[in-house]
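A.B. asks: Chains as they are written, first to last, in this note's numbering: chain B, 41 to 277; chain E, 481 to 1390. The structure's right below; bear with me while I get my questions together.
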Amino acid sequence: MRYAKPKSIDEALALLADGSWTLLAGGTDFYPTQGNRPVRDDVLDLNGLQQLRHISQTDSHFVFGARATWTDIIRADLPPAFDALKLAAREVGSIQIQNSGTIAGNLCNASPAADGVPPLLTLSAEVVLRSASGERVVGLADFILGNRRTARAPGELLTAVRVPRRPPPAIRISSSLARGAISSSRSPWRRPASSSTRQASCRMSCCRSAPVRPWRRGFRRSKNGCAKLVLRVMSPA
Amino acid sequence: MSMDRLSVSFTVNDEARQVQVPPLARLSSVLRDELRLTGTKVGCDAGDCGACTVLVDGAPVCACLVPAAGMEGASVRTVEGLANGRLSALQDSFLRHGAAQCGICTPGLLVTATALLEANPRPSEAEVQDALGGVLCRCTGYRKIVKAVMDVGTAGAPPPVALAGVGAAIPRLDGEPKVRGDDLFGADERPDDALSVAVVRSPYWHARFTFGDLDAFVKAHPGIIGVFTAADIPGRNRFGVIPPFADQPALADGTALFRGEAVATIAGERDAIASLDLSAFPIAWEELPHALTVAEARNGFAALHEDRKGNVLLEGTVERGDADAALASAAVTAAGSLETSYVEHAYIEPEAGYAFMDGDVLVIKACTQSPIMDRDDTAAILGLPAEKVRIIPTATGGGFGSKLDLSVQPLIGLVALKTGRPAGLTYTRQESMASTTKRHPAVMSATIGADAEGRVVGMVFEGDFNTGAYASWGPTVATRVPVHASGPYYTPSYRALGRAIHTNGPISGAFRGFGVPQAALMQETLYDELALQLGIDRLEFRLRNALRDGQPTVCGHVMDSGIGIAACLEALEPHWARAMNDADAFNAENRHRRRGVGVASCWYGCGNTGIANPSTIKMGIAADGRVVMHQGAVDIGQGSNTVIPQIAAEALGLPLDAFDFIYGDTALTPDAGKTSGSRQTYISGRAAELSGKALRERVLRYANVSDAAELSLKDGKLTVREGEASRTIALGDLPTDADGFVFAACESYDPPTVPLDAKGQGKPYAVYGWGAQMAELEVDMRLGTVKLVKITAAHDVGRAINPLLAEGQVEGGIAQGIGLALMEEYVPGRTENLHDYLIPTIGDVPPIETILVEVPDAEGPYGAKGLGEHVLIPTAPAILNAIRDASGAKITKVPATPDRVLAAIKAARG
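Structure, rendered in structure tokens:
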């Protein structure tokens, strides 16, 4: 049982190369997963890595540091293409959860009901994975392999999520929840079972264990000019 | 760095604090256990309920999700930091608006709203809902919370407590500690030397088990003091809320009948229990076949309890006239069937408490709805005489029926008795949901017939209620359902059957309404069907059939006065006309979203069904000039700590600010019965009225004056004035009784009921409450989602002792009715948390207009009737009827989740 809170990414990567760690960032999945059992895993606490908490731009990309919280995303100055991501950010649990939960945690946790996945897929997002031996960039659709499974190797740290600057269509996502307000993204079983919840993400990422690329088909222009997700064509493959 | 303790320095409410804690300790635990700041509550430990919300560097976060290691240098604000010598404007507003009922979610709401108001001093309703959406409240229905936040600093002062008798809308008398965050709930107090208790529970629905080497387990775990099993129970290892049906072991003996059943407890030092891995506990399981549904359990499945053939716990029947002949002769009939789901009480406070020995008396301080029943059952289990067990209820963070049954009491009692040390236990959310009672899932069918003029001529009803592994309140549900399944309508010919059936599912017990809300769904949806067939307006159809004074109920009970259902329905008439117009106008403009309106009624008998149900209230005037009231009716948020004193003050003729209270403590207060069956305002209130009047009579007789005299108390002197004459009694000069009273009274009241005969005929209750609600909503025809627009609720309370608190009951009951109708479905084994099990949030409860109707009752104190359970009953059927009105969708299983609504829309289209 070890606990480490590295101050630099290199230090974190060195630790990751040496042993199997459970990563702790916002805690919004970490603690519920522990339940009331005592913590037995080796825990690598990423909250000392200040350099991972940012939202920035390069010539080619919008870059979200791994520790960017949903509140950070809501408050960030981003073009309209990111409206669906902001909408998803507002739907990630409550304000309390938005203040703690991180974008990378949402993706690495790979819940089939993760709010962040559908809008990030529509933005052609990629994830940056670093390890002691180097860095690779993987498309989000190839990163999430299934329910709670990702392409992240044990020695890798997801350091950033990036979105190419070419303007993808703005989309609007309809959700169909039994409870209109506040829904956590940790309950995958319920959604396919009732096929009633959050149909957009459900159809895209829930009924299949891995997400499909929504832009292959399924968009049409709506009256207000933004692309609109048509729910029925998102049926499971 | 290892998992060893870490020194963390941070500020809490501007005070520098340093703690030595494991780096991953939750901030909620650091605040509560290390710093003893128990105003921050823990409801789920998973970020779902928001009760533990604190501000970290100004931002609201769930303290249960924040590692201690991240707190270095941080600034934390908790509820304890909001008041500064006096209540903050927000706390004051919560108190004045009745935004705190039980008070368990109040600290989280206050902290979250404080952050909102600091950023946005005049938030809109939508902004309040957005900001507070992460804090669940199960009592209030949220509307008063919204109002309290929006009205901070603007509303006027409430009526002064001094003048508050019957009818005064005063804030709750026990409210200040709730908004300050220093009310002590079940988990908030533990002696320093208290042992912690962990419970080993069955992971299977039905299983035999044998223990391995328990002594070796204890020896292998430093800090663990002992393991206790059924073999250690000194008394009768059987309990139950209805003694003839007592069948539940405190610790299962060799066989567990449901998942979550307790089989052993482990007691140890706090840290040892906190770091204990229960997977290493030596127990071998042998899984046995199980039945989870009524259909499975009745279909040749071996009886779970030997003497209950076919797994039928109890069948209740009410029969009057020839229902079959009446239906055969009816001009129109409507028939249908309907199914409901398990519903979890989901109070934000999980069961908790501690026990300790005071000499040879076992004292248990825990949250509860029924201290005397706790005392008697715990004593029987532990082989003690009842007077050697003392129950002191803590503040109770919601109950709604489930905290009537024993939970932690025998488990901590056994440890305290065996070890001689205090022993504390706080259920985890998962434990609470898995092991305590639920609302009965029902499978019902019914046929109702009416004549051509729209008068109901007959009804037959049959319902199977899944009562789970043990009896709990199953017999009450089986009895209450057939008594109430007609609804508050004159039904001359009637046959109704309610069965409670055992399964290996969670135990179903008491939940606000005891099966009546389920039965009302069946009856009220068929009433809409009949009205549609007859072409009669749906509200008019109900008015035509509303029970009137002098007409017999289905039990043959004739009341000469006090039947208020017609008055409630009439109160809705203008709203109904307005809502129908609004819906038509909306639907003319919209195709994909359709608006609908629905109405449904309720009646509900207050107190036990046809059996004794007394309450006793003691009060007196002490030598120091204070009126002291021994008030044993437990306030679980519903308001009895305020309403019953208001009645007593009115009867006695002295102001409430002259009163002190001794609340439920089985050593100090007489039995005021359980907080259940909407009986406290009526029955304990009536006892308080009798007691107050008797005390007044004693004073008047001493002073030799008539009842026209006025009493006043000042500086230990009691002044009696009648006209010009005045006499002052120096209380300190007079002898006192054992309670320290100069004048004392102790009176009881038991409702005059007549037991039901074999056909369910009799006078099951002395007082009923009545109500009708109207739901307006929109259905999204493509998504199947339902958006509530407004609920209008008219409830006959006889006399509103405290209109503010009565409204709070209405709003809170409606919120639970919304959950029943639209989202709450406890799936055994799969939804043992508050993120898979959804209860309404602040964003799910629409505006509610409450109309308090007052048709006085001859039995109730000052005409008052019960209210608490009634309010939930009409909501769900009104919503279902509105869904059908909007979309054509006939819902046959609740909750009406979007997939069920969509399927029903498709079915209606053919």
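Each residue gets a CB set at the ideal place from its N, CA and C atoms; glycine is no exception. Since we're looking at a predicted model, the values are computed, not measured.
Closer than 9 Å by beta-carbon distance: list the chain B residues that pair up with E:Arg-623, in chain order.
C.D. replies: Taking the second sequence and counting its residues from 1, the one referred to as residue 623 of chain E is at position 143. Simply none; closest approach about 14 Å.
A.B. asks: Quick one: what does DSSP say B:Phe-70 is sitting in, helix, strand or coil?
C.D. replies: Residue numbering aside, residue 70 of chain B sits at position 30 when the first sequence is read from its first letter. The three-state secondary structure of B:Phe-70, taken from DSSP, is helix.
A.B. asks: How many angstroms separate the CA atom of E:Ala-760 from the CA atom of E:Phe-691?
C.D. replies: Residue 760 of chain E sits at position 280 when you count from the first residue of the second sequence. Residue 691 of chain E sits at position 211 when you count from the first residue of the second sequence. Looking at the two C-alpha atoms, the distance is approximately 12 Å.
A.B. asks: Take E:Glu-1258 and list the residues in its own chain whose beta-carbon comes closer than 6 Å to its own, dropping the five residues that flank it on each side.
C.D. replies: Numbered from 1 along the second sequence, position 778 holds the residue referred to as residue 1258 of chain E. Excluding sequence neighbours, E:Glu-1258 sits near Arg-1073, Arg-1075, Lys-1267.
A.B. asks: Could you please give the first and the last residue of the uninterrupted beta strand (DSSP E) stretch that includes E:Pro-540?
C.D. replies: Locating residue 540 of chain E in the second sequence gives position 60, counting from the first residue. Looking at the DSSP string, the run of the beta strand (DSSP E) that includes E:Pro-540 is 539 to 542.
A.B. asks: DSSP state of E:His-1110, grouped into three classes?
C.D. replies: Numbered from 1 along the second sequence, position 630 holds the residue referred to as residue 1110 of chain E. The answer is strand: DSSP assigns E:His-1110 an E or B state.
A.B. asks: How about B:Lys-126: is its C-beta nearer than 8 Å to some C-beta of chain E?
C.D. replies: Here residue 126 of chain B refers to the residue found at position 86 when the first sequence is read from its first residue. It does not: the Cβ of B:Lys-126 has no partner Cβ on chain E nearer than 8 Å.
A.B. asks: Check the Cβ-Cβ distances between B:Val-178 and every residue of chain E, and say whether any is below 8 Å.
C.D. replies: Within the first sequence, residue 178 of chain B is the residue found at index 138, counting from 1. Chain E contact via Cβ: absent.
A.B. asks: Is there contact between the stretch 871 to 886 of chain E and the stretch 792 to 804 of chain E, where contact requires at least three CB pairs shorter than 8 Å?
C.D. replies: no
A.B. asks: Could you have a look at E:Tyr-1162 and say whether DSSP puts it in helix, strand or coil?
C.D. replies: By one-based count along the second sequence, residue 1162 of chain E stands at place 682. In the structure shown, E:Tyr-1162 sits in a helix (DSSP, three-state: H, G or I).
A.B. asks: From the DSSP output, read off the bridge partner residues of B:Thr-109.
C.D. replies: Within the first sequence, residue 109 of chain B is the residue found at index 69, counting from 1. Answer is B:Thr-142.
A.B. asks: Can you give the Cα-Cα distance for E:Arg-716 and E:Ala-726, rounded to whole angstroms?
C.D. replies: Position 236 of the second sequence holds residue 716 of chain E. Position 246 of the second sequence holds residue 726 of chain E. E:Arg-716 and E:Ala-726: Cα-Cα distance of roughly 10 Å.
A.B. asks: Where does E:Asn-582 fall in DSSP's three states?
C.D. replies: Looking up residue 582 of chain E in the second sequence gives position 102. At residue 582 of chain E the sequence reads Cys, which differs from the Asn that was named. E:Cys-582 sits in coil when the DSSP states are folded into three classes, being neither helix nor strand.
A.B. asks: Between the alpha carbons of B:Phe-104 and B:Leu-125, how many angstroms are there, rounded?
C.D. replies: Along the first sequence, read from residue 1 onward, the residue named residue 104 of chain B stands at position 64. Along the first sequence, read from residue 1 onward, the residue named residue 125 of chain B stands at position 85. Spanning the two alpha carbons is a distance of roughly 12 Å.
A.B. asks: Measure the C-alpha to C-alpha separation of E:Pro-723 and E:Leu-1148 and round it to an integer number of angstroms.
C.D. replies: Taking the second sequence and counting its residues from 1, the one referred to as residue 723 of chain E is at position 243. Taking the second sequence and counting its residues from 1, the one referred to as residue 1148 of chain E is at position 668. Taking the straight line joining both Cα atoms gives about 24 Å.
A.B. asks: Thinking E:Val-812 and E:Gln-1013 are a contact (beta carbons under 8 Å), I'd like their distance in whole angstroms, please.
C.D. replies: Stepping through the second sequence from its first residue, residue 812 of chain E is reached at position 332. Stepping through the second sequence from its first residue, residue 1013 of chain E is reached at position 533. Indeed they touch by this definition, with Cβ atoms about 5 Å apart.
A.B. asks: Can you give me the C-alpha to C-alpha distance between E:Gly-1203 and E:Ala-1189, rounded to a whole angstrom?
C.D. replies: If you number the second sequence from 1, residue 1203 of chain E lands on position 723. If you number the second sequence from 1, residue 1189 of chain E lands on position 709. Each residue's alpha carbon lies about 8 Å from the other.
A.B. asks: Distance cutoff 8 Å, beta carbons only. Does B:Ile-95 sit that close to anything in chain E?
C.D. replies: Start at 1 with the first residue of the first sequence, and residue 95 of chain B comes out as number 55. It does not; no Cβ of chain E falls within 8 Å.
A.B. asks: Just tell me which of E:Asp-494, E:Cys-529, E:Leu-535 has its CA closest to the CA of E:Leu-507.
C.D. replies: Counting from one through the second sequence, the residue named residue 507 of chain E turns up at place 27. For E:Leu-507, the nearest C-alpha among the options comes from E:Leu-535.
A.B. asks: Here's the rule I'm using: 16 or more other beta-carbon atoms within 10 Å means buried, otherwise exposed. How should B:Gln-91 be labelled?
C.D. replies: Here residue 91 of chain B refers to the residue found at position 51 of the first sequence. Burial call: exposed.
A.B. asks: For the alpha helix (DSSP H) that contains E:Thr-1355, what are its first and last residues?
C.D. replies: To locate residue 1355 of chain E, count along the second sequence from 1; it is residue 875. Where E:Thr-1355 is concerned, the enclosing alpha helix (DSSP H) stretches over 1355 to 1367.
A.B. asks: E:Leu-1318: buried (16+ other C-beta within 10 angstroms of its C-beta) or exposed?
C.D. replies: Position 838 of the second sequence, counted from the start, is the residue given in the question as residue 1318 of chain E. E:Leu-1318 comes out buried.
A.B. asks: Chain B beta carbons: is any one of them nearer than 8 Å to that of E:Ser-676?
C.D. replies: As a working note, residue 676 of chain E is residue 196 in the second sequence. No - not a single Cβ of chain B is within 8 Å of the one on E:Ser-676.
A.B. asks: Give the DSSP bridge partners of E:Asp-1276, in chain order.
C.D. replies: Your numbering for residue 1276 of chain E matches position 796 in the second sequence. Per DSSP, E:Trp-1250, E:Val-1333.
A.B. asks: Please decide whether E:Met-481 counts as near chain B, where near means a Cβ-Cβ distance under 8 Å.
C.D. replies: Taking the first residue of the second sequence as position 1, residue 481 of chain E is located at position 1. Unreliable positioning characterises E:Met-481 in this predicted model, as indicated by a pLDDT of 46, which lies under 50. A coordinate reading is not provided.
A.B. asks: Please list, in chain order, the residues of the stretch 749 to 770 of chain E that have any C-beta partner in chain B closer than 9 Å.
C.D. replies: Taken in chain order, the members of the stretch 749 to 770 of chain E whose beta-carbon sits within less than 9 Å of a beta-carbon on chain B are Ala-754, Ser-755, Leu-756, Asp-757, Leu-758, Ser-759.
A.B. asks: Between which two residues does the beta strand (DSSP E) holding E:Val-1038 run?
C.D. replies: The sequence position of residue 1038 of chain E within the second sequence is 558, counting from 1. That residue, E:Val-1038, is in no beta strand (DSSP E); it is neither H nor E in DSSP.
A.B. asks: With distance defined between alpha-carbon atoms, name the residue in E:Pro-762, E:Gly-1085, E:Arg-739, E:Met-913 nearest to E:Leu-768.
C.D. replies: To locate residue 768 of chain E, count along the second sequence from 1; it is residue 288. Of the candidates E:Pro-762, E:Gly-1085, E:Arg-739, E:Met-913, the one whose C-alpha sits nearest the C-alpha of E:Leu-768 is E:Arg-739.
A.B. asks: Below 9 Å on C-beta distance, what does B:Ile-143 contact in chain E?
C.D. replies: Residue mapping note: residue 143 of chain B aligns to position 103 of the first sequence, counting from 1. By Cβ distance, chain E contributes nothing, its closest Cβ being about 16 Å from B:Ile-143, past 9 Å.
A.B. asks: For B:Ile-184, decide whether its Cβ has a neighbour in chain E, counting only Cβ atoms nearer than 8 Å.
C.D. replies: Taking the first residue of the first sequence as 1, we reach residue 184 of chain B at position 144. No, its Cβ sits nowhere closer than 8 Å to a Cβ of chain E.
A.B. asks: Which bits of chain E does B:Thr-68 rub up against, with CB to CB less than 7 Å?
C.D. replies: In the first sequence, counting from the first residue as 1, residue 68 of chain B sits at position 28. Gly-527, Leu-545, listed in chain order.
A.B. asks: Mapping the DSSP letters down to three states, classify E:Asn-717 as helix, strand or coil.
C.D. replies: Position 237 of the second sequence holds residue 717 of chain E. Residue state, collapsed to three classes: coil.
A.B. asks: Take the Cβ of E:Lys-1098 as the centre, count every other Cβ of all protein chains shown within 10 Å, and call the residue buried at 16 or more, exposed below.
C.D. replies: Here residue 1098 of chain E is taken as the residue at index 618 of the second sequence, counted from 1. The residue in question, E:Lys-1098, is buried, as its Cβ has 16 or more Cβ neighbours within 10 Å.
A.B. asks: Assign E:Gly-1390 to buried or exposed, taking buried as 16 or more other Cβ atoms, counted over all protein chains shown, within 10 Å of its Cβ.
C.D. replies: Here residue 1390 of chain E is taken as the residue at index 910 of the second sequence, counted from 1. Classification of E:Gly-1390: exposed, given that the 10 Å Cβ count is below 16.
A.B. asks: Using C-beta distances below 8 Å, list every residue in its chain close to B:Val-79, excluding the 5 sequence neighbours before and after it, in chain order.
C.D. replies: Position 39 of the first sequence, counted from the first residue, corresponds to residue 79 of chain B. For B:Val-79, where only same-chain residues beyond five positions count, the Cβ hits under 8 Å are Met-41.
A.B. asks: Do E:Pro-1341 and E:Ile-1045 have their beta-carbon atoms positioned less than 8 Å apart in this structure?
C.D. replies: To locate residue 1045 of chain E, count along the second sequence from 1; it is residue 565. To locate residue 1341 of chain E, count along the second sequence from 1; it is residue 861. No, these two residues do not count as a Cβ contact at 8 Å.
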